[in-house]
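Accompanying notes for the structure given below.
Protein chains in written order, with my numbering: chain A, 1 to 67; chain B, 1001 to 1067; chain C, 2001 to 2067; chain D, 3001 to 3067; chain E, 4001 to 4256; chain F, 5001 to 5256; chain G, 6001 to 6256; chain H, 7001 to 7256.
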């Protein structure tokens, strides 16, 4: 299936979870990051159970210098 | 019947029109004034036909120094 | 004899010295003060030998808060 | 004889007068100019009678834009 | 040929808009108005007062000026929209100087309410001239919703404090595509000149004249100050330097 | 009746003194001079140059103006006194705008040399108008030695930086008993207005006009700015406030 | 006993909030942070970048500082609310420095969008510290919707132009009942002192340190400037006078 | 290694010179002096007063500070030279802070008298630190006659008006080859920081501390303000811009 991850297209195996996505980004641990799917925040507590499906827009943000 | 005219209570005969109100204010001619009833502007063209009824809130404004 | 000491008239016995004047002002020790006679500074080394004579204008200054 | 006229060396016939100098500068009329010799102003009234002598420093000034 | 002030397609010879507040008599106001040469005069809307003598409209008509009603005293978009409609009905003009203020002490504009009122009035067919803060973002949003000009303040109404933040004004001027009219804060003639030199298209003056010791003389000063500032803007001023720039020839000095 | 400018008993209608430095042509200078309405024009003294075409004197005569020679370029009292005497001889006037500067980069006055020159020239019968610093003490001493006016600077000659220290100028104005003429630093129209509003009796303008992109238009701006500033000074400005002062009636507001 | 800064019930020893933008390395940032003694550090939220080395969180933890996420880069209330929620999820804090800007060139706040976002975030349980204009009315409305502080700007972000309108800031300070934190515009130490002397409860500094030639030294300057300004505010400055006030005895002078 | 202040070969750790005028008690003065960390203290010379209790010298000795006598109150070169000689005799130091003022109301320096006194005292072997105007020409002439430093004012003594003409100060700083010490005018901490940021080598503070509501607290503020300003000067501030300069990444923004 195809998703947009931080604006980039990615192919994923069906049933991928949030941690799988973070692994792709090299943030397996996921400390200090937040994930949104189609504009809605996915609470950390639901990362494992949440199933990514085809066409989803996923944003993974972290803190950086700024402001 | 009783109306509020520019914040002051007034007693009027039934069927009073806008010009009747202006007369009370000494502005029979009504040049350069506008009239609102219950917050809605009453176009000059409807002044004669418009019938004031009991309890109406009437505002009559004119241009003054300011701004 | 009569002298002006810091603007005030004083009567002195003949042969008065600078230390005698300082005593009058309650500055016997004379630490941190300078003395001028008729507009000329009298060096501390000459205080004992210097003889005050009639009509002299004497200024005795010290450091105070200011500037 | 040799003179300095506005900083430039000039050779003059003996007995030259101020107007002769002005002629050299193309200011025969001499309207609106002043002449100084060796740092002293020469009044207009003395221009004709004044005799230039060897080695004199002559300044001829006029009004220009400035200030 | 000098460029003229144009607002909503109307051309003005004068770049001074006349505010009527604070004059102690209609006669003084009339005399001051004459001195300024203004072509547009702003007025507030209030309840008719049977006692009040004289009509400001007669004075403005006699001077041959256009009338620009305002919504002075309104604290909400709703009040301002209502007042604008009453003004249109009473005076027969779509032009409105829109004021929506945030409090009585500063008389500063309330941005969100102002923007909401501007949007409604533009939709309702008004020619909207909003009195606004010296806020470049708010100015652009007012322009985007269709205001015919923007009227940023220099400082609070009647404060006479001049232009407190010329930088914000400069940013507004660089970016605006509608006329920019300095409104509020002018205290004396040079304030009006500075506004015009910065590039404002016009200025509105009221208290600086009406509350001056000699309002008519100050009115004359303002007319000249606006014209002087505009001419200076057109003429292209010299740059500011830390050091001097000789104005006299450095050649041809006498030697003693 | 409005009070006129008086210097050494001479009355002037115009409060703008015209500086001639920096104009690229005599024609432009003549046109600018006409626009300002100035009655007094200052000129420098330099060695006659056979090549130089045209006479500035003709232009000034044609405009019917008085000539005010200056000692621009002098670094010592001696130079300035010599130059003043040459000017008197060349131009037939006792009036002298006295300049004694300290260096080429700032063109700022040298106080002690200036004071010494002023004293000599006054003794020599000159009507001395010294270009001075914005120094209240020096200004008073120049007045005490008999100068007919004092000409404090706003900022360095040609810097266009306006009045950098209005406080010193205010102190000079409070204490002076001779006319105070702002000399140097004016960059644009509002600077001239500000000087007049502060209470200056006149201003001298040169580079701000001569080096503007459009000198003639700036000259016209300056005339109006000086007049506007003077009128505003006479009219009595409103005070500056931190907060607003309503210019509209707070009574009679409509209730929705 | 000196009063401490309190925001939403949290007490701070330091009145300097540390902005992280513009430091060329995390090490320099860490060194500067140490010098300032700041207890709260603001960070932006961006997409994770696999390439990016080092973690700003480690630096902030090591310094024992609280983290204050911000919504820098958001142009709408919706963007800002989303970013705030992501920050809360990522960083486990309800505190948010709310930024909603109007354009890229000025980075000035968009008042109406800012107010809308503040209202939603307060309802959503956030401790909202909005970066706002120097607009007293907007500041009060932000306070009214429940913001924990207001953060007016001195001048545009990174402009280093200091406090362009101290009068508006003074009005905000007179009327605010929540802490007022100067945000944006500080260019050098004295700007921070001036903000504190005016009565600000704290200042946020970023570019003035991070882009200085020597960021760590400027950080130390800022710590002292904030403290100096606060102390001066508490100590009660002397009034400004036009004239002098002798500091030396006028009695007891010697007579020659 | 940070550069230290050096005057006439003497090295100072502190860049604040302590003025003693205006303190209501020697104890308060002593406490304030301690807070500033100053190493040099200036005192005036007056007729001994048998009634006066306590000795300022004891306080200064106890603090381990150098004494810098001044000629406050002198109106002529002669008075100042006499006072300086008396001070040398009384206090055993060649150092003198030279003041020759023009009047009682402004306490502004009298340039010509000041220059004459400086010349005599330098010839007489004094280390002369003249209190002067913000006049670049006079400052250079004082340097040329051999003064060990120049002490230009920011504004009149005790006025608390800060630095009224930073441009003149900048010109003095660009051209001076001796230390430049800002003397007079400092009203609060930020004024001291600004002086140091402009590049002054030191500042003298008196009334701003002694007449503050809390002199000791203001003294502490001044110590930090001088240090903050110096550090900022060394650190190299960012330039001032009209527009913003983003401090946050413009890449990596989330897309909704």
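Here a beta-carbon is modelled for each residue, glycine too, at the ideal position from N, C-alpha and C.
When the cut-off is 7 Å and only beta carbons count, does residue i lie next to chain F?
i: residue 3032 of chain D; result: yes
i: residue 1026 of chain B; result: no
i: residue 6167 of chain G; result: yes
Per DSSP, what kind of secondary structure is residue i in: helix, strand or coil?
i: residue 56 of chain A; result: coil
i: residue 4157 of chain E; result: coil
i: residue 5039 of chain F; result: coil
i: residue 7010 of chain H; result: strand
i: residue 4024 of chain E; result: coil
i: residue 5047 of chain F; result: strand
i: residue 1033 of chain B; result: strand
i: residue 4206 of chain E; result: coil
i: residue 1062 of chain B; result: strand
i: residue 4108 of chain E; result: coil
i: residue 6152 of chain G; result: strand
i: residue 4003 of chain E; result: coil
i: residue 41 of chain A; result: strand
Starting from residue i and walking both ways along the alpha helix (DSSP H), at which residues does that stretch end?
i: residue 6120 of chain G; result: 6111–6123
i: residue 2023 of chain C; result: 2018–2024
i: residue 4127 of chain E; result: It is not in any alpha helix (DSSP H) - residue 4127 of chain E instead sits in the beta strand (DSSP E) that spans 4127–4132.
i: residue 5059 of chain F; result: 5056–5062
i: residue 4144 of chain E; result: 4136–4144
With residue i as the anchor, note down where its beta strand (DSSP E) starts and where it stops.
i: residue 3008 of chain D; result: 3008–3011
i: residue 6167 of chain G; result: Taken as a continuous stretch (DSSP letters only), residue 6167 of chain G belongs to no beta strand (DSSP E), being part of the alpha helix (DSSP H) at 6166–6175.
i: residue 6016 of chain G; result: 6016–6019
i: residue 7093 of chain H; result: Element bounds for residue 7093 of chain H: n/a, residue is neither H nor E.
i: residue 6181 of chain G; result: 6181–6183
i: residue 6068 of chain G; result: 6066–6069
i: residue 5242 of chain F; result: Run containing residue 5242 of chain F: none; DSSP gives neither H nor E here.
i: residue 3 of chain A; result: 2–5
Does residue i come within less than 7 Å of chain G when only Cβ atoms are used?
i: residue 4240 of chain E; result: no
i: residue 4015 of chain E; result: no
Going along chain G in order, which residues have a C-beta closer than 8 Å to the C-beta of residue i?
i: residue 59 of chain A; result: 6047, 6086
For a contact defined as C-beta to C-beta under 9 Å, what are the partners of residue i on chain E?
i: residue 3064 of chain D; result: 4248, 4249, 4252
Mind listing the chain F neighbours of residue i? Cutoff is C-beta to C-beta under 7 Å, in chain order.
i: residue 7071 of chain H; result: Residues of chain F passing the Cβ test: none, with the nearest at roughly 16 Å.
i: residue 3003 of chain D; result: Correct list: empty, because the minimum Cβ distance to chain F is about 14 Å.
Could you list which residues in chain H have their beta carbon closer than 9 Å to that of residue i, in chain order?
i: residue 2036 of chain C; result: 7082, 7085, 7086, 7089
Determine, using beta carbons only, whether residue i comes closer than 7 Å to chain E.
i: residue 5982 of chain G; result: Shown here, chain G extends from 6001 to 6256; a query on residue 5982 of chain G therefore has no answer.
i: residue 6142 of chain G; result: no
i: residue 6138 of chain G; result: yes
Using a Cβ cut-off of 8 Å, pull out every chain E residue sitting near residue i, in sequence order please.
i: residue 6161 of chain G; result: 4167
Against residue i, what residues of chain D qualify as contacts under a CB-to-CB distance less than 8 Å, listed in chain order?
i: residue 4255 of chain E; result: 3007, 3057, 3059
i: residue 5231 of chain F; result: Here the premise fails: no neighbours, minimum Cβ distance about 28 Å.
Could you work out which residues of chain H lie near residue i, taking near to mean beta carbons separated by less than 8 Å?
i: residue 2044 of chain C; result: 7089
So which residues on chain G does residue i lean against when the C-beta distance must stay under 7 Å?
i: residue 79 of chain A; result: With chain A covering only 1 through 67, there is no way to say anything about residue 79 of chain A.
Taking only beta-carbon positions, decide if residue i is within less than 7 Å of chain H.
i: residue 5164 of chain F; result: yes
Show which residues of chain H have a CB atom less than 7 Å away from the CB atom of residue i.
i: residue 6197 of chain G; result: 7188, 7189, 7190
Proximal residues, the stretch 7210–7227 of chain H versus chain G, C-beta separation under 9 Å:
7210, 7211, 7212, 7213, 7214, 7215, 7216, 7217, 7218, 7219, 7220, 7221, 7222, 7223, 7224, 7225, 7226, 7227
For the stretch 4170–4192 of chain E, list every residue whose C-beta sits within 8 Å of some C-beta in chain H, in sequence order.
4170, 4171
In chain order, what residues of the stretch 7103–7130 of chain H put their CB closer than 8 Å to some CB of chain G?
Under the 8 Å Cβ criterion, the stretch 7103–7130 of chain H contributes 7104, 7105, 7106, 7107, 7108.
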